[in-house]
Amino acid sequence: MDFGVVLQADPPSSAVVSLMRRAERNGFRYGWTFDSTVLWQEPFVLYSRILEHTDRLIVGPMVTNPSTRAPEVTASTFATLNEMYGNRTVCGIGRGDSAMRVAGRPPNTLARLGEAIGAIRELAEGREADVGGHRIRIPWIRNGKLPVWMAAYGPKALAMTGQLADGFILQLADPFLTEWMVKAVRQAATDAGRDPGDVTICVAAPAYVGDDLDHAREQCRWFGGMVGNHVADLVARYGEHSGMVPDELTDYIKARQGYDYSHHGRADNPDTAFVPDAVVDRFCLLGPAAAHLDKLRRLKELGVDQFALYAMHDAKESTIDAYGAEIIPAFAD
Numbered sequence: 331m332d333f334g335v336v337l338q339a340d341p342p343s344s345a346v347v348s349l350m351r352r353a354e355r356n357g358f359r360y361g362w363t364f365d366s367t368v369l370w371q372e373p374f375v376l377y378s379r380i381l382e383h384t385d386r387l388i389v390g391p392m393v394t395n396p397s398t399r400a401p402e403v404t405a406s407t408f409a410t411l412n413e414m415y416g417n418r419t420v421c422g423i424g425r426g427d428s429a430m431r432v433a434g435r436p437p438n439t440l441a442r443l444g445e446a447i448g449a450i451r452e453l454a455e456g457r458e459a460d461v462g463g464h465r466i467r468i469p470w471i472r473n474g475k476l477p478v479w480m481a482a483y484g485p486k487a488l489a490m491t492g493q494l495a496d497g498f499i500l501q502l503a504d505p506f507l508t509e510w511m512v513k514a515v516r517q518a519a520t521d522a523g524r525d526p527g528d529v530t531i532c533v534a535a536p537a538y539v540g541d542d543l544d545h546a547r548e549q550c551r552w553f554g555g556m557v558g559n560h561v562a563d564l565v566a567r568y569g570e571h572s573g574m575v576p577d578e579l580t581d582y583i584k585a586r587q588g589y590d591y592s593h594h595g596r597a598d599n600p601d602t603a604f605v606p607d608a609v610v611d612r613f614c615l616l617g618p619a620a621a622h623l624d625k626l627r628r629l630k631e632l633g634v635d636q637f638a639l640y641a642m643h644d645a646k647e648s649t650i651d652a653y654g655a656e657i658i659p660a661f662a663d
């Protein structure tokens, strides 16, 4: 199993670079950041610095979207980083939550997202693609490589992931929901004539290593609110108890009262009080290292290829170090 770390691009940028370097020293292979232009610093500028100051780390957004960055811009940016540092990038992409809503726009349609996945990959690898009805190619790219991983929760998005994407990003670590969604992605890949084993499975969730479970929950409760934004969209589309989405995913948002993106992804988010302890425990990895190992082994059995650790709490360094000392070595091949 691979491991990644996910950070917000908060200033100072030097702190983000330092944490990514620390992650690489501890055996993490992937370095991810949020991509929300209004809320945080520009991640692609940071990627250049991170790549310069690491040796092997693969970097990318969790996740970008096809509107705040046009597909040809996204492809060219990744290709430039790859030319400079040697194909050490991955494109995580989704419909867009905070990046779109903070700018006063709704998330992208799945149709637009599907078109972008193909176009970004083709262009970044030097091939011709259709962008807005025009066939274009970036002529200077040589030997480009860009896997595109799609973030998804709902049935239509899961199907598209299996049909089109190189990887699946699931932003929660509940084993029951992981099993349900991985099966949906793999079935869609099979139905599309693809080898389901070619779709990399990445589970992303906060992890907090420590013995004070109550404190860890409070530091990670924000995650249930962030996931709740996507779940609310699913409930609006499919309704409650529709059978299209598991009740285990949707039931907890009944007390949700709205959401202020100025606190997005932060431990002090006041809009996440509705998230019960049981959901925090299901969605995140909390407690001593042994508890993390138990849950990660279960996720690996379900086909998870990478666990990406959200480090948005008051124990970033100690949790990264604990993973390097006690957890990542246990999954070394």
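If you're matching positions, the sequence shown starts at 331 in our numbering and goes up one per residue. Every residue, glycine too, gets a C-beta built ideally from N, C-alpha and C. The structure presented is a predicted model; accordingly, all values stated were derived computationally and were not measured.
In whole angstroms, what is the alpha-carbon distance linking Pro485 and Ala339?
Here residue 485 is taken as the residue at index 155 of the sequence shown, counted from 1. Here residue 339 is taken as the residue at index 9 of the sequence shown, counted from 1. Distance between the alpha carbons of Pro485 and Ala339: 31 Å.
Below 8 Å on the Cβ atoms is my contact criterion, and I expect Leu623 with Ile657 to pass it. Report the Cβ-Cβ distance as a whole number of Å.
Looking up residue 623 in the sequence shown gives position 293. Looking up residue 657 in the sequence shown gives position 327. Confirmed, about 6 Å.
Contact defined as beta carbons within less than 8 Å: I believe Met331 pairs with Lys630. What is the distance between those atoms, to the nearest angstrom?
In the sequence shown, counting from the first residue as 1, residue 331 sits at position 1. In the sequence shown, counting from the first residue as 1, residue 630 sits at position 300. Contact check for Met331 and Lys630: beta-carbon distance about 5 Å, within the 8 Å limit, so the pair qualifies.
Please list, in chain order, all residues of the same chain as Thr491 whose beta carbon is under 6 Å from its beta carbon, the five residues on each side excluded.
On the sequence shown, position 161 is the one that residue 491 refers to. Excluding sequence neighbours, Thr491 sits near Met480, Ala482, Phe498 and Val515.
Figure out for me which residue from Lys625, Val529, His571 and Asp365 has the closest Cα to the Cα of Val539.
Taking the first residue of the sequence shown as 1, we reach residue 539 at position 209. That would be Lys625, whose Cα lies nearest to the Cα of Val539.
Is the number of C-beta pairs between the stretch 564–578 and the stretch 592–604 that are closer than 8 Å three or more?
no
Leaving out the 5 sequence neighbours to the left and right, which residues in its chain are closer than 6 Å to Gly558 when beta-carbon positions are compared?
Along the sequence shown, one-based indexing puts residue 558 at 228. If we look at Gly558 and ignore the five residues flanking it on each side, its Cβ neighbours are Ile583 and Arg586.
DSSP three-state label for Ile499, please.
What you label residue 499 is simply residue 169 of the sequence shown in a count that begins at 1. The answer is strand: DSSP assigns Ile499 an E or B state.
What does a CB cutoff of less than 8 Å around Leu349 pick up in its chain, not counting 5 residues either side in sequence?
Reading the sequence shown from its first residue, position 19 is the one you call residue 349. So the qualifying residues of the chain are Val335, Leu337, Ala641, Lys646, Glu647 and Ile650.
Taking Ala537 as the reference, give the member of Asp385, Cys614 and Pro391 with the closest Cα.
Taking the sequence shown and counting its residues from 1, the one referred to as residue 537 is at position 207. Among Asp385, Cys614 and Pro391, the Cα nearest to that of Ala537 is on Cys614.
Measuring only the C-alpha atoms, how far is Pro505 from Arg612?
Walking along the sequence shown from the start, residue 505 turns up at place 175. Walking along the sequence shown from the start, residue 612 turns up at place 282. Cα-Cα distance, rounded: 8 Å.
From this set, Arg359, Val347 and Glu509, which residue's C-alpha is nearest Phe637's C-alpha?
On the sequence shown, position 307 is the one that residue 637 refers to. Ranking Arg359, Val347 and Glu509 by Cα distance to Phe637 puts Arg359 first.
Name the DSSP bridge partner or partners of Leu639?
Your numbering for residue 639 matches position 309 in the sequence shown. Answer is Val335 and Ala535.
From the DSSP secondary-structure annotation, give me the bridge partner or partners of Cys700.
Here the chain has residues from 331 to 663 only, and residue 700 is not among them.
Taking buried to mean at least 16 other C-beta atoms within 10 Å of its own C-beta, is Asp601 buried or exposed?
The residue given as residue 601 occupies position 271 in the sequence shown. Classification for Asp601: buried.
Figure out for me which residue from Ala489, Leu632, Ala449 and Glu354 has the closest Cα to the Cα of Ala400.
To locate residue 400, count along the sequence shown from 1; it is residue 70. Looking at the Cα atoms, Ala449 is the closest of the given residues.
Could you pull out every residue in the same chain whose Cβ sits closer than 7 Å to the Cβ of Arg352, ignoring the five residues on either side in sequence?
Locating residue 352 in the sequence shown gives position 22, where the first residue counts as 1. So the list reads Glu647 and Ile650, once near-sequence residues are dropped.
Can you give me the Cβ contacts of Leu543 inside the same chain, cut-off strictly under 7 Å, excluding the 5 residues immediately before and after it?
Here residue 543 is taken as the residue at index 213 of the sequence shown, counted from 1. Excluding sequence neighbours, Leu543 sits near Leu616 and Gly617.
Within 8 Å, do at least three Cβ pairs link the stretch 406–420 to the stretch 376–385?
These segments touch.
Using the three-state DSSP reduction, which class does Arg352 fall into: helix, strand or coil?
The residue labelled residue 352 in the question sits at position 22 within the sequence shown. Helix, per DSSP.
Confirm, please, whether the CB-CB distance from Ala489 to Val533 is below 9 Å.
In the sequence shown, residue 533 corresponds to position 203, counting from 1. In the sequence shown, residue 489 corresponds to position 159, counting from 1. Going by C-beta atoms, Val533 is not nearer than 9 Å to Ala489.
With DSSP as the reference, please indicate the residues paired to Ile466 in a beta bridge.
Residue numbering aside, residue 466 sits at position 136 when the sequence shown is read from its first letter. Ala459, per the DSSP bridge assignment.
Look at the alpha carbon of Asn473 and the alpha carbon of Ala409, and state the distance between them as a whole number of angstroms.
Numbered from its first residue, the sequence shown carries residue 473 at position 143. Numbered from its first residue, the sequence shown carries residue 409 at position 79. The alpha-carbon atoms of Asn473 and Ala409 are separated by roughly 10 Å.
For Trp470, is the classification buried or exposed, using 16 other Cβ atoms within 10 angstroms of its Cβ as the cut-off for buried?
What you label residue 470 is simply residue 140 of the sequence shown in a count that begins at 1. Counting Cβ neighbours within 10 Å, Trp470 comes out exposed, since fewer than 16 surround it.
Alpha carbons only, please: which of Val478, Glu455, Pro477 and Lys475 is nearest the one belonging to Arg467?
What you label residue 467 is simply residue 137 of the sequence shown in a count that begins at 1. Closest option to Arg467, Cα to Cα, is Glu455.
If you follow the alpha helix (DSSP H) that Thr363 is part of, which residue opens it and which one closes it?
Looking up residue 363 in the sequence shown gives position 33. Taken as a continuous stretch (DSSP letters only), Thr363 belongs to no alpha helix (DSSP H), being part of the beta strand (DSSP E) at Tyr360 to Thr363.
Using beta-carbon positions only, say whether Ser397 and Arg355 come within less than 9 Å of one another.
The residue labelled residue 397 in the question sits at position 67 within the sequence shown. The residue labelled residue 355 in the question sits at position 25 within the sequence shown. Not a contact, by the Cβ cut-off of 9 Å.
Please list the terminal residues of the continuous alpha helix (DSSP H) segment that includes Gly523.
Position 193 of the sequence shown, counted from the start, is the residue given in the question as residue 523. Gly523 -> no alpha helix (DSSP H), and no H or E assigned at all.
Between the C-alpha atoms of Asp577 and Leu632, what's the straight-line distance to the nearest angstrom?
Position 247 of the sequence shown holds residue 577. Position 302 of the sequence shown holds residue 632. C-alpha separation (whole angstroms): 20 Å.
Does the CB of Asn412 have a neighbour CB from chain C at under 9 Å?
Considering every chain present, this structure includes no chain C. It has just one protein chain.
Please list, in chain order, all residues of the same chain as Arg457 whose beta carbon is under 8 Å from its beta carbon, the five residues on each side excluded.
Here the question's residue 457 lines up with position 127 in the sequence shown. Around Arg457: Arg467.
Within its chain, find whatever has a CB closer than 6 Å to the CB of Ala546; leave out the 5 residues flanking it on each side and keep chain order.
On the sequence shown, residue 546 is found 216 positions in, with the first residue counted as 1. The answer, listed in chain order, is Tyr538, Gly540 and Leu616.
Taking the DSSP output, what are the residues bridged to Thr530?
Reading the sequence shown from its first residue, position 200 is the one you call residue 530. Beta-bridge pairing by DSSP links Thr530 to Gly497.
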